[in-house]
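J.: First residue of the sequence shown: 335, per my numbering; consecutive thereafter. Can you read through this structure? Questions will come right after.
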Amino acid sequence: MNCILKQTNDRMITMNYIVMDLEWNMGSRKEELKMMPFEIIEIGAVKLDDDMNETGRFSRLIRPRVYRNMHRINGSIVHISDRDLKDAESFEEVYSAFLVFCKESTSDEGEYIFCTWGDSDLTELQRNINYFDCLPLGDGPIEYLDVQKLFGYNCGEPKNRVSLEKAVDSLSIPETDGFHRAVNDASYTAEVLKHVDKINLKYTSFNTYHTPASREEEITRDYGRYVKQISRAYGDKSTLLKDRWQKKLFCPKCGKELTKVISWFTLNGKHYLAAGRCSDHGYVRSKLRIKKDEVRDGVYAVRTTRVTDTEGMNEMWNKYRKSETQKSTSSKSE
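Take a look at the structure:
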């Protein structure tokens, strides 16, 4: 199938897929640690080669050290008891073994990409890695496949997010094991991944627990339909918005700087919109989302830019007028 390939020194390196799932425990509101609200108690993974053939499995329980007693809600969902975890290995031991599993590859180069159901597992894994002072997965954003999102693309509904159980049922995948155990859910996720059209595998996601450290390391990815950019971290929103580089409008097709049609505006203080025109490709709209940087205690921006049509521009004008009305109303009330 050779779905994801990487060019290195005129050679094509095939990619392996690490389809992973986590189960975690939490404490009461009084016990909760902001830097690690969920403590991982199980890591499960299925490894697929570039032809989507299974080549290995990983399944380990982890002895909790922060939230030592199973929360009643978590326990009823995952069916893991305190007794099951009593003699389990530490997070450091299991995580180290998991990294070895990931790097043990059927290809000589050992390239791999993480695949998860949804966008939370890699964040929680890195929070646990940070808390227990383990070797980080990386020092910047991690590119991965969000199989839940890809399933939506496959169904023609890219914004629709369904449960793993519903996806498995809709694809008539045999339910041989129960859900909500890490390796079982990883296995089901792998089966769903096998049904994703090859063309949709280009829509990778980025986990931004670690943001780019510099402008040179900022992410730009062309997905065909749109271009996504992930900025480095800034101390605060004001500093970010003063950076002309982050607010420059460009064409996602040819890269030309655009003639500005609608200047940057916001309706909620978090999402900023603007539009321009390319002499070759027409109208272009851009959306800049400001997000908190958990590690550096600052903010960063995720921007998506795409070519649009008259209908899309009409929608932008309506939003712009609404923002102007909001500003006018706010100034009158002061």
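Glycine is no exception: its CB is placed at the ideal position from the N, C-alpha and C atoms. Values in this document were obtained by computation on a predicted structure and should not be read as measured data.
With a threshold of 8 Å between beta-carbons, can Tyr537 be considered close to chain D, or not?
T.: No chain D appears in this structure, which consists of one protein chain only.
J.: Are the beta-carbon atoms of Ser657 and Arg637 separated by less than 8 Å?
T.: The answer is no: Cβ separation not under 8 Å.
J.: Indicate whether Thr286 and Tyr634 have their beta-carbon atoms separated by less than 8 Å.
T.: Here the chain comprises residues numbered 335 to 668, so residue 286 is not present and cannot be evaluated.
J.: Quick check for students: name the residue ranges of the alpha helix (DSSP H) that lie wholly in the segment 484-542, counting only runs of 4 or more.
T.: Counting only runs of 4 or more, we get 498-504, 516-528.
J.: Between which residues of its own chain and Asn648 is the CB-CB distance below 6 Å, once the five residues before and five after are set aside?
T.: Excluding sequence neighbours, Asn648 sits near nothing in its chain.
J.: For a test of the three-state rule: what should DSSP assign to Lys653, helix, strand or coil?
T.: Helix.
J.: Counting only the same chain and skipping the five closest in sequence on each side, list residues whose C-beta sits under 7 Å from that of Val428.
T.: Answer for Val428: Ile377, Arg394, Ile396, listed in chain order.
J.: By how many angstroms is the C-alpha of Val434 removed from the C-alpha of Ala675?
T.: Coverage of the chain is limited to positions 335 through 668, which leaves residue 675 absent and any answer about it impossible.
J.: Beta carbon of Glu357, beta carbon of Ile375: below 8 Å?
T.: Yes.
J.: Which residues in the same chain have their Cβ closer than 8 Å to the Cβ of Asp455, if we skip the five residues on either side of it in sequence?
T.: Same-chain partners within the cutoff: Met354, Asp355, Leu356.
J.: My output table needs one value for Arg549: the three-state DSSP class, helix, strand or coil.
T.: In the structure shown, Arg549 sits in a helix (DSSP, three-state: H, G or I).
J.: What do you reckon, are the CB atoms on Phe432 and Glu477 nearer than 8 Å?
T.: Cβ distance not < 8 Å, so Phe432 and Glu477 don't count as in contact.
J.: On a Cα-Cα basis, can you pick out the residue from Ala524, Lys562, Glu550, Lys528 that is closest to Thr538?
T.: Ranking the options by Cα distance to Thr538, first place goes to Lys562.
J.: For the pair the segment 481-491 and the segment 445-455, tell me if three or more CB-CB distances fall below 8 Å.
T.: The answer is yes - the segment 445-455 touches the segment 481-491, with three or more Cβ pairs under 8 Å.
J.: Judging by CA-CA distance, which residue of Val526, Ile507, Asn403, Ile447 is the nearest neighbour of Gly486?
T.: Residue Val526 is the option with its Cα nearest to Gly486.
J.: Under DSSP, the alpha helix (DSSP H) around Asn350 begins and ends at which residues?
T.: Here Asn350 belongs to no alpha helix (DSSP H); instead the beta strand (DSSP E) covers 350-359.
J.: Taking C-alpha atoms, which residue in Gly490, Trp598, Tyr557, Tyr522 lies nearest to Asp577?
T.: Considering only alpha carbons, the answer is Trp598.
J.: Which same chain residues end up closer than 6 Å to Val641 when comparing Cβ atoms and leaving out the 5 residues on each side of it in sequence?
T.: So the list reads His615, Val618, once near-sequence residues are dropped.
J.: Less than 8 Å between C-beta atoms, sequence neighbours within five positions excluded: which residues of the same chain meet that for Leu411?
T.: With the sequence shown as reference, residue 411 is identified as Ile, and Leu is not the correct amino acid for it. Excluding positions up to five away in sequence, the list reads His514.
J.: When DSSP labels each residue in this structure, what does Arg559 get in the three-state scheme?
T.: Coil.
J.: Quick check on Thr573: does DSSP put it in helix, strand or coil?
T.: Looking at Thr573 - three-state DSSP - the assignment turns out to be helix.
J.: What does a CB cutoff of less than 7 Å around Ala501 pick up in its chain, not counting 5 residues either side in sequence?
T.: If we look at Ala501 and ignore the five residues flanking it on each side, its Cβ neighbours are Phe485, Val526.
J.: CB Asn488 to CB Asp531, shorter than 8 Å?
T.: Against a cut-off of 8 Å, the Cβ pair of Asp531 and Asn488 comes out as a contact.
J.: Can you give me the Cβ contacts of Met349 inside the same chain, cut-off strictly under 6 Å, excluding the 5 residues immediately before and after it?
T.: Contacts found: Ile338, Asp384, Glu445, Ile447.
J.: Along the beta strand (DSSP E) that carries Gly616, what are the first and last residues, could you check?
T.: 616-627 is the span of the beta strand (DSSP E), which, as asked, contains Gly616.
J.: Could you tell me if Arg520 is buried or exposed, where buried requires 16 or more neighbouring beta carbons within 10 angstroms of its beta carbon?
T.: The residue you asked about is not Arg; residue 520 is Ala in the sequence shown. Ala520 is buried by the Cβ-count criterion.
J.: In whole angstroms, what separates the C-alpha of Gly379 from that of Lys594?
T.: The residue asked about is misnamed: residue 379 is Ala in this sequence, not Gly. Computed Cα separation, rounded: 48 Å.
J.: If you follow the beta strand (DSSP E) that Ala609 is in, where does it begin and where does it stop?
T.: Unbroken beta strand (DSSP E) run through Ala609: 605-612.
J.: How big is the Cα-Cα spacing for Ile596 and Lys587?
T.: Rounded to whole angstroms, Ile596 to Lys587 spans 19 Å at the Cα level.
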